[in-house]
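In the numbering used here, the protein residues as written are 14 to 318.
Since the structure comes first, as structure tokens, the remarks are kept for the end.
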């Protein structure tokens, strides 16, 4: 029982850190209506940049900022490929993802893995400040919660501004947004750079938390992000305000990590995790269709007076 609780605690902590990534996926998938595959590469990019900078003696907080900026750049490249060179959305993401694999390897000095054991990270720093009873999972959860709440607050404010409203309008109806004078190409690029910046920041935090960066750590990130977004929608619904939508996304990330931890404990091989994730996403995506076929809508008939 104690082992199960430890697994759940660790899953919750990782779910919060990965929740920053799901916020990035939410921006492209739900706001821009754009399934961006760049995130598989930008997640690993953030981890690689943060890890190599820490190895070189940089401050771990500063490494997070630079990792975030590297993600912004990756998003800009994808946006330019799609909007300026007219490459289809999915293909532009695939091209960026493929290119980032080589870029990440180059950043890591040709190594597939960089260990941070014994190096100072934001988590080792926080452990000196937080109460002595806090284990590694609690430290990760505390740091992750601070970042998530700050990011959610900033995003809530940003998407209430004129630029944020234009990004949302571009995702809802691009032709109408363009007819109203909005630069839809620029709005797409802004959405993509913001999304990939958050994904890279999440990758940097995960790398510092787990003590290593791996060139393949971003594989399947888009599927995990979509799973978290869909799980959150199933639980919270869609008729909620924007702040609650972001909360549902992070909650979905935590629940997804808990599910993964539980299925691993009951004997599922780690090599089958991607298959399990694909099944979960497919089931979640099919829920609206199943509801439409088997749940009859209630019709309220009011008597005319």
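Glycine is no exception: its CB is placed at the ideal position from the N, C-alpha and C atoms.
Values in this document were obtained by computation on a predicted structure and should not be read as measured data.
8 Å contact criterion, which residue i and residue j should meet: CB distance rounded
i, j, result
"residue 204", "residue 103", "No, residue 204 and residue 103 are not in contact; Cβ-Cβ is about 16 Å, not under 8 Å."
"residue 210", "residue 242", "About 18 Å separates the two Cβ atoms, so there is no contact after all."
"residue 26", "residue 154", "4 Å"
"residue 192", "residue 182", "Contact flag wrong, Cβ pair sits at about 10 Å."
"residue 87", "residue 58", "6 Å"
"residue 218", "residue 157", "7 Å"
"residue 52", "residue 238", "7 Å"
"residue 24", "residue 271", "5 Å"
"residue 73", "residue 142", "With 8 Å as the limit, residue 73 and residue 142 do not qualify as a contact, their Cβ atoms being about 14 Å apart."
"residue 228", "residue 112", "With a Cβ gap of about 13 Å, residue 228 and residue 112 do not count as contacting."
"residue 259", "residue 165", "5 Å"
"residue 163", "residue 56", "Not confirmed; about 20 Å, so no contact."
"residue 176", "residue 132", "Not a contact, Cβ separation roughly 38 Å."
Residue i, DSSP secondary structure in three states
i, result
"residue 128", "strand"
"residue 255", "helix"
"residue 217", "helix"
"residue 194", "coil"
"residue 148", "coil"
"residue 73", "helix"
"residue 47", "coil"
"residue 282", "coil"
"residue 315", "Low confidence applies here, because residue 315 scores a pLDDT of 48, under 50, leaving its location unreliable; read the following figure in that light. Reduced to three states, the DSSP call for residue 315 is coil."
"residue 174", "coil"
"residue 210", "helix"
"residue 201", "helix"
"residue 288", "helix"
"residue 116", "helix"
"residue 133", "coil"
"residue 94", "helix"
"residue 306", "helix"
"residue 122", "coil"
"residue 66", "helix"
"residue 99", "coil"
"residue 179", "helix"
"residue 186", "coil"
"residue 110", "helix"
Spatial neighbours of residue i in its chain, beta-carbon cut-off 6 Å, leaving aside the 5 residues before and after
i, result
"residue 220", "60, 63, 64 and 226"
"residue 233", "287"
"residue 50", "106, 107, 110 and 235"
"residue 245", "261, 262, 264 and 265"
"residue 314", "Here residue 314 scores only 47 on pLDDT, less than 50, and its place in the model should not be relied on; the value that follows carries that caveat. Closer than 6 Å at Cβ, skipping near neighbours: no residue."
Own chain, CB closer than 8 Å to residue i, minus 5 neighbours either side, in chain order
i, result
"residue 97", "198"
"residue 29", "153, 154, 157, 158, 161, 263, 266 and 267"
Close beta carbons around residue i, own chain, < 7 Å, minus the five adjacent residues each side
i, result
"residue 300", "247"
"residue 318", "Residue placement at residue 318 is flagged as unreliable, the pLDDT there being 44, under the threshold of 50; the coordinate-derived value follows with that caveat. Closer than 7 Å at Cβ, skipping near neighbours: no residue."
"residue 249", "257 and 261"
"residue 316", "Only weak support is given to the placement of residue 316: the predicted model assigns it a pLDDT of 44, under 50, and the question is left unresolved by the model."
"residue 92", "201, 202, 205 and 206"
"residue 290", "233, 236, 237 and 240"
"residue 276", "289"
Any non-hydrogen atom of the ligand COA within 6 Å of residue i CB
i, result
"residue 172", "With respect to the ligand COA, the structure offers nothing, as it holds no ligand at all."
Run through the stretch 220-279 for me and flag every whole beta strand (DSSP E) of 3 or more residues, listed as ranges in chain order. Correct list: 225-227.
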